[in-house]
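What follows is a single structure, written as structure tokens, with notes after it.
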Amino acid sequence: MGIKNLHKLLRKWENVIQERNIQDFAGKKIAIDISILVYQIVIAIRNTGTDLVNTNGDITSHLLGIFNKTISMLEKGIYPVYVFDGKPPNMKNSILKSRREQRKKAKLKMKQADNKEDKIKYFKRSVVVTKKQLNECSQLIQLMGIPVVNAPQEADSQCAQLAKDGLVYGVSTEDMDILTFGSPRIIRNLSSKKKEIIQIDLEKILKKLELNYLQFIDLCILLGCDYCTTIPGIGMKKAYQLIKQFGSIETFIESLNETDIKKEYENLNKSLVPENYNYRNTSNYFQNPIVKDSKQINLQWTEPDYDKILEFMVSQFGFNKSKIQKGIARLRRAYNSLNKNNKQIPHYIC
DNA sequence: ACTCTGCCTCAAGACGCC
DNA sequence: TTGAGGCAGAGT
DNA sequence: GGCGTCC
Numbered sequence: 001m002g003i004k005n006l007h008k009l010l011r012k013w014e015n016v017i018q019e020r021n022i023q024d025f026a027g028k029k030i031a032i033d034i035s036i037l038v039y040q041i042v043i044a045i046r047n048t049g050t051d052l053v054n055t056n057g058d059i060t061s062h063l064l065g066i067f068n069k070t071i072s073m074l075e076k077g078i079y080p081v082y083v084f085d086g087k088p089p090n091m092k093n094s095i096l097k098s099r100r101e102q103r104k105k106a107k108l109k110m111k112q113a114d115n116k117e118d119k120i121k122y123f124k125r126s127v128v129v130t131k132k133q134l135n136e137c138s139q140l141i142q143l144m145g146i147p148v149v150n151a152p153q154e155a156d157s158q159c160a161q162l163a164k165d166g167l168v169y170g171v172s173t174e175d176m177d178i179l180t181f182g183s184p185r186i187i188r189n190l191s192s193k194k195k196e197i198i199q200i201d202l203e204k205i206l207k208k209l210e211l212n213y214l215q216f217i218d219l220c221i222l223l224g225c226d227y228c229t230t231i232p233g234i235g236m237k238k239a240y241q242l243i244k245q246f247g248s249i250e251t252f253i254e255s256l257n258e259t260d261i262k263k264e265y266e267n268l269n270k271s272l273v274p275e276n277y278n279y280r281n282t283s284n285y286f287q288n289p290i291v292k293d294s295k296q297i298n299l300q301w302t303e304p305d306y307d308k309i310l311e312f313m314v315s316q317f318g319f320n321k322s323k324i325q326k327g328i329a330r331l332r333r334a335y336n337s338l339n340k341n342n343k344q345i346p347h348y349i350c
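Residue numbering for the first sequence is 1 to 350, as defined by UniProt numbering.
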């Protein structure tokens, strides 16, 4: 997922990838693609080989994770906005299909596995986050007073739009294609304890690599993204080299008809452009994904409904009452201190 | 030598008790 | 599921 | 600090 090797490529330039502290994001609004987050949480909990379940046998790992994570972000002064996926675009069909097949395979392997490690491995690999689980997360998040945005299509592109329009400061995701969608800023490893928090600004990329935004999109397409096949023989180095030399994929492909260029690249790689290489559609999609208009979005952080959270987590999902109460106490404190700071700092700072 | 590719591995969340 | 990192192999 | 538990 994301853009293949983009991170690796960017490491070659100084100061494009910036290291950050968590305090740098205090008071900032950050968009978060929730499905990735939920996947991470559920998979992490599968370490032990089982999901957390309530007495009905329903999985509850996702709720615990979102609950804790949201509290810890508020404690750090961050205003999260959770963005949910809608219908996947047609362009993603082929990749989704292959993922389904992989999961199927993993499930089969899990059943066949005769040792514990293998069982856990394939158990993790066969994770599916259901619509129902995501709805439950949405309910909990709203009870916690955190705004939710339901994207018409991909959460990714919606997050990027929020950032582009200044409704949030940046997007917290591991998925580099947020930048290809035009988000001015990506934040990786936010809320990771082991890995350094990293911020990458689109502006910096364009400046250092000396590309315009459309050329950057073309570079990402050449590197490899979710929506388009790649040209065999073209990796990190050549992708950048070609965009610098020809300015665009379009011009590069056209130039292949000119005999001298053809010769030059034939001995570099005999591979030619694949059939149905839909780089044009892909570029268009990165430029104009289907997203909700920011004018229709009003992000508000309100006081959590503490009683309903307790009822939701404990009565409905069987969580330990005193633990949830402890969490709620933290939540209350975090909300109050955010609110206090808010009166001193103008709220429009994102 | 350079670069791309494929295949392998690993870790992933948060809390608390010892 | 994802990424990252390492390493071997192949093509140029 | 590492490891088991969380449901």
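Here a beta-carbon is modelled for each residue, glycine too, at the ideal position from N, C-alpha and C.
Unbroken alpha helix (DSSP H) run spanning residue i, endpoints
i, result
"Asp177", "177-180"
"Gly86", "Gly86 -> no alpha helix (DSSP H), and no H or E assigned at all."
"Gly65", "61-75"
"Ile187", "Looking at the DSSP string, Ile187 is not in any alpha helix (DSSP H); the run it does join, the beta strand (DSSP E), is 185-188."
"Ile253", "249-255"
"Phe246", "236-246"
"Gln142", "131-143"
"Lys194", "Segment: none, Lys194 is in no alpha helix (DSSP H) and carries neither H nor E."
"Leu310", "306-310"
Start-to-end residues for the beta strand (DSSP E) that takes in residue i
i, result
"Gln199", "197-201"
"Asp165", "Note, Asp165: premise wrong, no beta strand (DSSP E); not H, not E."
"Ile17", "17-20"
"Ala26", "Note, Ala26: premise wrong, no beta strand (DSSP E); not H, not E."
Assigned secondary structure, residue i (DSSP; H/G/I helix, E/B strand, else coil)
i, result
"Arg280", "helix"
"Lys326", "helix"
"Phe317", "coil"
"Tyr227", "coil"
"Ile78", "coil"
"Asn5", "coil"
"Asn150", "strand"
"Val42", "helix"
"His347", "Residue placement at His347 cannot be trusted, given a pLDDT of 49 that sits under 50; the coordinates are not used to answer."
"Ser172", "strand"
"residue 351", "Lying outside 1 to 350, the shown extent of the chain, residue 351 is not represented and no answer is given."
"Ile36", "helix"
Status (buried if at least 16 other CB within 10 Å, exposed otherwise) for residue i
i, result
"Ala163", "buried"
"Glu258", "exposed"
"Leu74", "buried"
"Leu63", "buried"
"Gly327", "buried"
"Lys237", "exposed"
"Leu96", "exposed"
"Thr282", "buried"
"Ala44", "exposed"
Sequence-distant residues of the same chain with beta carbon closer than 6 Å to residue i, five excluded per side
i, result
"His347", "For His347, the predicted model reports a pLDDT of 49, less than 50, meaning its position is unreliable and no value from the coordinates is stated."
"Ile243", "Gln215, Asp218, Leu219"
"Asp165", "Ser294"
Nearest-angstrom beta carbon gap, residue j and residue i [assumed within contact, 8 Å]
i, j, result
"Thr50", "Phe317", "Wrong, their Cβ atoms sit about 16 Å apart, outside the cutoff."
"Ile66", "Phe25", "That pair is no contact at about 19 Å."
"Cys225", "Thr173", "Contact doesn't hold; Cβ gap of about 15 Å is too wide."
"Pro304", "Tyr335", "6 Å"
"Gln325", "Leu338", "Gln325 to Leu338, Cβ: 20 Å. No contact."
"Val149", "Lys292", "7 Å"
"Ile22", "Ile178", "Contact doesn't hold; Cβ gap of about 20 Å is too wide."
"Phe84", "Ala151", "6 Å"
8 Å Cβ shell around residue i - same chain, five flanking residues per side excluded
i, result
"Gln300", "Pro147"
"Phe312", "Gln139, Leu140, Leu143"
"Ser248", "Leu214, Gln215, Asp218"
"Gly170", "Lys28, Ile30, Ala31, Ala163, Ser183, Pro184, Arg185, Ile186, Ile187, Gln199"
Contact set for residue i: own chain, Cβ-Cβ below 7 Å, skip 5 residues either direction
i, result
"Pro80", "Ile30, Ile32, Thr70, Met73, Ile146"
"Leu6", "Met176, Cys220, Leu223"
"Tyr39", "Val127, Val129"
"Ala239", "Leu219, Leu222, Leu223"
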